[in-house]
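Colleague: My questions all concern the structure below.
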Amino acid sequence: MVSPLISLSVGGEPLTSANLFSAEGMSVFLLVLALFGLIGSFLSAQLVPSRRRRYRSSGTVVEEDVEDGRERGVVKWFNVKKGFGFITWDQGEDVFVHFRSIVGDGYRTLNEGQRVQFEVTQGQKGPQADNVTPL
4 MVSPLISLSV GGEPLTSANL FSAEGMSVFL LVLALFGLIG SFLSAQLVPS
54 RRRRYRSSGT VVEEDVEDGR ERGVVKWFNV KKGFGFITWD QGEDVFVHFR
104 SIVGDGYRTL NEGQRVQFEV TQGQKGPQAD NVTPL
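Residues 4 to 138, numbered by the working numbering, are exactly what the sequence shown covers, in order.
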């Protein structure tokens, strides 16, 4: 089942920092309304279908369907003492992950072979996983 996405805009301009929320994130949208009191034509929301996202990595352009704006992969290895490791992206490329990018309270670590969801950002040395959560 494809989960619809919600695109938010303020005064007709799309929100870039909060770009897309899944339908399960509706409470976040309502929290924005409660905190900022923005209503009517000033703040709008629109359900949009799943879209295709492009990434340039290793000199190639890769396209894939994105349902919730997050990627999936498997933890290749993670060094607990050093606090970093690599995730093998489902499309085959390795992505760096730092312990600060793991979502959770307390001691954050990943296990080899663990399935995870994450966002990809461009780090100084290449693709980097951010907002990593176990599946």
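By construction, the Cβ of each residue, glycine as well, lies at the ideal position given by its N, Cα and C atoms.
1) Which residue's Cα is closest to the Cα of N82: T91, R118, D97 and H101?
2) Given this structure, state the Cα-to-Cα distance separating S104 from R73, to the nearest angstrom.
3) Can you look up R111 in the DSSP assignment and give me helix, strand or coil?
4) Could you check what DSSP says for T124 in three-state terms: helix, strand or coil?
5) For G86, which option in K79, L113, G129 and T136 has the closest C-alpha, if you only look at C-alpha atoms?
6) If we count the other Cβ atoms within 10 Å of its Cβ and call it buried at 16 or more, is Q131 buried or exposed?
7) Smallest Cα separation from D93: which of P137, W80, R111 and R118?
8) Using the Cα positions of V123 and K79, report the straight-line distance between them to the nearest angstrom.
9) Judging by CA-CA distance, which residue of R75, G126 and K84 is the nearest neighbour of R111?
10) What does a CB cutoff of less than 6 Å around E27 pick up in its chain, not counting 5 residues either side in sequence?
11) For the beta strand (DSSP E) containing D93, list its first residue and its last residue.
Modeller: The short version:
1) By 1-based counting over the sequence shown, the position of residue 82 is 79. Comparing Cα positions, the closest option is H101.
2) The residue given as residue 104 occupies position 101 in the sequence shown. The residue given as residue 73 occupies position 70 in the sequence shown. Looking at the two C-alpha atoms, the distance is approximately 14 Å.
3) Taking the first residue of the sequence shown as 1, we reach residue 111 at position 108. Three-state DSSP puts R111 in coil, outside helix and strand.
4) Here residue 124 refers to the residue found at position 121 of the sequence shown. In this structure, T124 counts as strand in the three-state DSSP scheme.
5) Mapped onto the sequence shown, residue 86 falls at position 83. The residue with the shortest Cα to Cα distance from G86 is L113.
6) The count along the sequence shown starts at 1 and reaches residue 131 at position 128. By the 10 Å Cβ count, Q131 comes out buried.
7) In the sequence shown, counting from the first residue as 1, residue 93 sits at position 90. For the residues P137, W80, R111 and R118, the minimum Cα distance to D93 belongs to R118.
8) Here residue 123 corresponds to residue number 120 of the sequence shown, with the count starting at 1. Here residue 79 corresponds to residue number 76 of the sequence shown, with the count starting at 1. If you take the alpha carbons of V123 and K79, they lie about 16 Å apart.
9) As a position in the sequence shown, residue 111 is number 108, starting the count at 1. It is K84.
10) As a first step, residue 27 must be located in the sequence shown, where it is residue number 24. For E27, the predicted model reports a pLDDT of 44, less than 50, meaning its position is unreliable; a value from the coordinates is still stated below. For E27, where only same-chain residues beyond five positions count, there are no Cβ hits under 6 Å.
11) For the purposes of this step, residue 93 is identified with residue 90 of the sequence shown, where counting begins at 1. Segment: none, D93 is in no beta strand (DSSP E) and carries neither H nor E.
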